[in-house]
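Here the protein sequences come in this chain order: U and H.
First residue of the first sequence? That's 1436 in my numbering, and the numbers climb one at a time after it.
First residue of the second sequence? That's 1436 in my numbering, and the numbers climb one at a time after it.
Okay, structure first, notes after.
Number of protein chains: 2
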Amino acid sequence: MAGIDDVARAAGVSTATVSRALSGRGPVSTATRDRVLAAADRLGYVVSAAASSLASGRARAVGVVVPFLDRWFFSTVLAGISDALVREGYDITLYSVSADPAERRRVFDDHLRRRRIDAVITIAIEMDATESALLRTLGVPVVSIGGPNPLLTTLTVDDRAVGRLATEHLIALGHRRVTHIGADTTTDAASSVPALRRRGFVETMDAIGAAPVFEPADFTIEGGSAAATRTLSGDAPPIIGVDGHELGRWFGLTTVDQFARGQGERAAEAALAELDGADPAPGLGTLPFELVDRGSTGPVDAARR
Amino acid sequence: MAGIDDVARAAGVSTATVSRALSGRGPVSTATRDRVLAAADRLGYVVSAAASSLASGRARAVGVVVPFLDRWFFSTVLAGISDALVREGYDITLYSVSADPAERRRVFDDHLRRRRIDAVITIAIEMDATESALLRTLGVPVVSIGGPNPLLTTLTVDDRAVGRLATEHLIALGHRRVTHIGADTTTDAASSVPALRRRGFVETMDAIGAAPVFEPADFTIEGGSAAATRTLSGDAPPIIGVDGHELGRWFGLTTVDQFARGQGERAAEAALAELDGADPAPGLGTLPFELVDRGSTGPVDAARR
DNA sequence: CTGTTAGCGCCTTCAG
DNA sequence: CTGAAGGCGCTAACAG
């Protein structure tokens, strides 16, 4: 494989000039630049990531940390990140952290600290203070999609408002008996996504003096469906979901879409902006969401009320 | 961030010894090793990927090339790869190549050639001879999940046999009028996954002298569902799918499962084996598949025959 | 078993 | 605008 001095020789310039011409950093006359580019192209020269990174301190890669790869939301956000990053010539290094604490430590204490990445994006990773601080010590921009974190630049959906929006939609249709199917929040932090959604639900129910009902379920198809079966009588009551899953459209499920792919793009852009010198914006950026009425919810009918 | 000579100083040894103790390559007495490990731990030392990679030629990362991130099959295979790789301390670098030829070239000609990865795994990427050759010139193990490729180590599902298996299942139940819903293979290579499945279908139908019927559809929910709607009369005929999608279970869809996650694990293990010096096995390894009867198919009934 | 010594391939001052 | 030269942080012979 051709190295930088092959190119330098072929173009009749020094390696310094090749480096400048190819990276665009530092002055090079148009004529020389063209010669260098032509030579590099002819030789099929591609800069070595390791050498370039070691010498420059820039890795041209962004780390993405996810709790799951094979769940719709995460892979969709990841696709958005990938889109935005590839455009700018960055590679993506993937860190999947499972529930296993030992593995999690290895990712935070070892993998992420190998100086392989210029920035980090975390997706729905709930971190304690130690972990957040550790990310900070990486000395690179960190953008987190998920619960607000005062230590990091954060992109957050107002999950409480999401919970309210979904509930209000049903209330507006005349419903009063509304059941919340969601994570059993007794084990979650009060600031977790499920807890906040639930809180929005409760607030809205309280506001109209209706009694909130809960049916615990995990974030799986089986869990959700089992809970729905337990709750719902046979007469197909209105259902509203939260997320914008592609299948929601297919089922005609009314939902609060939160534009997963767009979240990824925004996170990537925020990370790139900080890399370009933009001020880090610790605290929260706000992510859009929107009620999408696809027909699974309708006005209450006399028979059921 | 602590460097290797901080550790060397703290442990009272040379950097060479630190390197040896930490990497496990080369002899180190147990006593010194312990001292080094303790010092490294105390200082929170993590080797710089760039420096180590430059000096050793090993990057401790594997590249994974996928056509889509946000489709069930690919993210599931990816999860399998991730599992197997993280265990061994490897990072994953992700390359998503869309249909855009310019972007595809950039991935093959630039990103993949940055010497950032010790091995490449491709998932369902159909490559022409140029691209395959290019991967070969990387000088690293390449494992491809997908159509057999004589130039690369390949893990392949016998898609023709899958087509036959699914069709035979229906035939065995007494059905004779069977419609194939799948990609319009006039545009695909004869060796593509959809073409092979279809061929298996045709062969089986031919064998019993039944007329194969086709309904074109792309690999999307909408496409498949539209095709099914066009074909199927209202009386809920038997349906069989191919893939093992998690939702198949939920729908009670009989399917030919191909264990996506396991495919990823096997690919990762094959790549690691080659990295450990195992002979590359150009040509094909064979991937398992299995009929899973979940009830969406049943014997033909008199009324419909 | 351990230390010394060259680089790995590129970037980036510093001169010119 | 361009070239020379010294590292970036680590590894891999090679001695000892």
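Glycine included, every Cβ here is placed at the ideal spot set by N, Cα and C.
Since we're looking at a predicted model, the values are computed, not measured.
Where residue i sits in the DSSP three-state scheme
i        : result
H1615(H) : strand
T1721(H) : strand
G1498(U) : strand
G1644(H) : coil
A1738(H) : Any answer about A1738(H) is weak, because its pLDDT of 44 lies below 50 and its placement is not dependable; what the coordinates show is given next. Three-state DSSP puts A1738(H) in coil, outside helix and strand.
T1565(U) : helix
M1436(H) : coil
P1651(U) : strand
G1676(U) : strand
L1586(H) : coil
L1605(U) : helix
V1463(U) : coil
L1504(U) : coil
L1631(U) : helix
L1573(H) : coil
A1639(H) : In the sequence as displayed, the identity of residue 1639(H) is Thr instead of Ala. It is helical.
Residue range of the unbroken beta strand (DSSP E) whose run includes residue i
i        : result
L1529(H) : D1526 to S1531
V1691(U) : T1689 to D1692
V1578(U) : V1577 to I1580
Spatial distance of residue i from residue j (CA atoms)
i        : j        : result
V1555(U) : A1695(U) : 18 Å
R1739(H) : G1712(H) : Interpretation of R1739(H) is limited by its pLDDT of 47, a score under 50 that renders its predicted location unreliable; no figure is taken from the coordinates.
R1493(U) : D1553(U) : 6 Å
A1741(U) : R1595(U) : What is shown of chain U runs 1436 to 1740, which leaves residue 1741(U) out entirely.
W1685(H) : I1560(H) : 29 Å
G1644(U) : R1599(U) : 14 Å
L1586(H) : A1568(H) : 7 Å
I1657(U) : H1680(H) : The sequence shown places Glu at residue 1657(U), rather than the Ile named in the question. So the alpha carbons of these two residues sit roughly 14 Å apart.
A1630(U) : D1692(H) : 36 Å
A1737(H) : T1666(H) : For A1737(H), the predicted model reports a pLDDT of 47, less than 50, meaning its position is unreliable and no value from the coordinates is stated.
I1439(H) : R1539(H) : 39 Å
G1720(U) : N1584(U) : 11 Å
D1545(U) : M1562(H) : 35 Å
V1575(U) : V1592(H) : 42 Å
F1428(U) : R1460(H) : Absent from the structure is residue 1428(U), since the part of chain U shown begins at 1436 and ends at 1740.
T1452(H) : V1463(H) : 7 Å
V1727(U) : E1725(H) : 39 Å
Proximity below 8 Å, CB of residue i to CB of residue j
i        : j        : result
S1731(H) : G1697(H) : no
V1397(H) : H1604(H) : Nothing can be reported for residue 1397(H), as the shown portion of chain H is limited to 1436 through 1740.
R1571(H) : V1578(H) : no
E1650(H) : I1674(H) : no
A1485(H) : S1454(U) : no
I1516(U) : A1705(U) : no
L1504(H) : A1519(U) : no
A1474(H) : T1467(H) : no
D1653(H) : A1601(H) : no
S1483(U) : R1549(H) : yes
V1648(U) : T1614(U) : yes
S1627(H) : G1582(H) : yes
V1597(H) : R1632(H) : yes
L1478(U) : A1445(U) : yes
S1531(H) : S1510(U) : no
L1707(H) : E1523(H) : yes
I1580(U) : L1573(U) : no
G1676(U) : V1512(U) : no
V1481(U) : V1448(U) : no
L1714(U) : F1508(U) : First, the amino acid is wrong: residue 1714(U) is Asp here, not Leu. Cβ atoms of D1714(U) and F1508(U): not closer than 8 Å.
Residue span of the alpha helix (DSSP H) that contains residue i, given as start and end
i        : result
A1554(H) : Premise fails: A1554(H) lies in the beta strand (DSSP E), A1554 to I1558, not in any alpha helix (DSSP H).
V1481(H) : Note, V1481(H): premise wrong, no alpha helix (DSSP H); not H, not E.
D1518(H) : W1507 to R1522
S1449(U) : Here S1449(U) belongs to no alpha helix (DSSP H), and DSSP marks it neither H nor E.
T1664(U) : I1656 to T1666
G1697(H) : A1695 to L1710
V1542(H) : P1536 to D1544
G1683(H) : E1681 to F1686
beta-carbon residue i near the ligand SAH non-hydrogen atom, thresh 7 Å
i        : result
L1569(H) : For the structure depicted, the ligand SAH is absent and the ligand set is empty, with no information on it obtainable.
With three or more C-beta pairs closer than 8 Å as the rule, is the region 1519-1539 of chain H touching the region 1497-1511 of chain H? yes
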